[in-house]
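In the working numbering, the protein residues as written are 1287 to 1410.
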C-alpha cells in the first residue's frame, strides 16, 4: 500500500499540475475573480492537505482494493462533483460550465492516476 500511495500521490500532483497550468488556470482565475473580486492566490497548506486527502481516498477505496480504473473515474466524478456543485449552490458567480468541467476533470484525473499507478506497479 505504501508504494502505491507514493506512486499515486506523485502522479496525482504531476497530472493535476499540468492540467491546471495549461487548461484550468485561466478558467479558475476568471471564476475566482468573479466570486471574490480578487486574483486567485493559492494557500499552500490547505492545497497540500487536499492532495493528501485525494490520495488517501483514491488508495483506500480503489487502488488498495485493486478495483478497476473505471471505479476511480466514478469516485473522482463524485468527489469533485460534491465540491463543484456545492460551490454552484452557494456562490452566485460560480458557473455551471466550471462545475461541469471540473467535475469531469476529477473523474479523468482519478482514472489516469489509477491506470498509471497499476502500470507502474507491474513494471517495478
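No residue lacks a Cβ here, since even glycine has one placed at the ideal position from N, Cα and C. Given the structure is predicted, the values throughout are model-derived calculations rather than measurements.
- Message: Restricting to Cα atoms, I'd like to know which of 1397, 1302, 1308 and 1403 is closest to residue 1363.
- Response: 1397
- Message: With three or more beta-carbon pairs closer than 8 Å as the criterion, would you say the stretch 1378-1392 touches the stretch 1401-1408?
- Response: no
- Query: Where does residue 1323 sit, in a helix, a strand or coil, going by DSSP?
  - Reply: Looking at residue 1323 - three-state DSSP - the assignment turns out to be coil, as it is neither helix nor strand.
- Query: Taking DSSP as the reference, what is the three-state secondary structure of residue 1363?
  - Reply: helix
- Between the C-alpha atoms of residue 1403 and residue 1297, what's the straight-line distance to the nearest angstrom? 8 Å
- Exposed or buried, which one is residue 1303 when buried takes at least 16 other CB atoms within 10 Å? exposed
- Item | Same chain, Cβ closer than 6 Å to residue 1373, neighbours up to 5 away in sequence not counted | 1380
- Item | Cutoff 7 Å; reference residue 1401; Cβ partners in own chain excluding five residues on either side | 1355
- Query: Taking Cβ positions, are residue 1366 and residue 1393 nearer each other than 8 Å?
  - Reply: yes
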